[in-house]
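In this note's numbering, the protein residues as written are 13 to 255. Note that the Cβ used here is the ideal one computed from N, Cα and C, for glycine as well. Just below is one structure, and these are the notes that go with it.
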Amino acid sequence: MKIQLINPNTSADMTDTMAISARASALSSTQIIPSTPEHGPKSIECAFDEAIASAALLDLIEQGKQQNVDAHIIACFGDPALDAARELADAPVIGIAEAAFQMASLISYRFGVVTTLSRTLPTSEHLLSKYGHQTHCSGVRATDIPVLALENIDNKAYQLLKTECLAAMEEDGAEAIVLGCAGMSNLVNKLSKELSIPIIDGVSAAVKLAESLHQLGLKTSKTGQYGKRISKPFIGRYAHWTQ
Ligand code: 2AL
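Pasting the structure below:
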């Protein structure tokens, strides 16, 4: 099968990192097609970044559709434009936050989330509530590591991340930890070994869910909320969306 792996920020280095993680967890028959927008913020860390990144992200979903991909992954922990992408796509669209929460809830009664900036805490909290995982989350913790500092993470930042994971376990009672950024996907093995607790990376979780849905022949329902978008004229730079 073909999985389009969309990094909605414009950091090509981050796309490369997540593509390595995605390929490491994918079946050998799965083709991972990494995709980075040409326009938009270098990292997504607040509502403004998300809003600007969303239009380019939807263009990439359309591109993936033209390439007949079997699933799209939105690899940013805020799951930006996920509902809009599902309206556009026929194939499944999987956000890495939702994928990670789903996987974590299968192997732990309470999981913790360790993310980047404190500024992004409400985003994770809103998503937990939206997806119905709030009661199974022991808490969301921030490291205050900017997303772009994860590209070449130094030991100081890694220790910060590990400290928050330990605090999630010891103070909050987390039985598993969800890493709250696609740029952390390459740290999952090291953290798993050092902390002896399940560590869930949303990119790998999304790949495995995409493969499962494909093998079961399940696609996005086109009835109701994820039905086709409403036809109308679009003006100016969005004229290509006119139907
Ligand atoms: C993210 C992420 O996964 N990619 C990005 O640009 N921002 N998430 C986050 N919590 O900051």
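The closest CA to that of Met181, considering only Pro104, Cys149, Ala38, is found on Cys149. For Gln16, the enclosing beta strand (DSSP E) stretches over residues 14-18. Linking Asp71 to His252 through their CA atoms gives a straight-line distance of about 10 Å.
Put simply, the backbone Cα of Glu50 is about 15 Å away from that of Ala63. Put simply, of Ala103, Glu110, Ser216 the residue whose alpha carbon is nearest the alpha carbon of Gly239 is Ala103. The three-state reading of DSSP puts Cys177 in helix, counting H, G and I together.
For Ser150, the enclosing beta strand (DSSP E) starts and ends at 149-154. Contact between Ala34 and Ala111 fails: their C-beta atoms lie close to 12 Å from each other, not under 8 Å. In this structure, Phe89 has its beta carbon less than 7 Å from a heavy atom of the ligand 2AL. With 16 or more other Cβ atoms inside 10 Å of its own Cβ, His226 counts as buried. Under the rule that a run must span 3 or more residues, the beta strand (DSSP E) segments found entirely inside the region 161-245 read 188-192, 211-213.
Taken atom to atom, the span from the alpha-carbon of Gln78 to that of Leu139 is near 29 Å.
According to the DSSP assignment, Thr127 belongs to the beta strand (DSSP E) that extends over 123-127.
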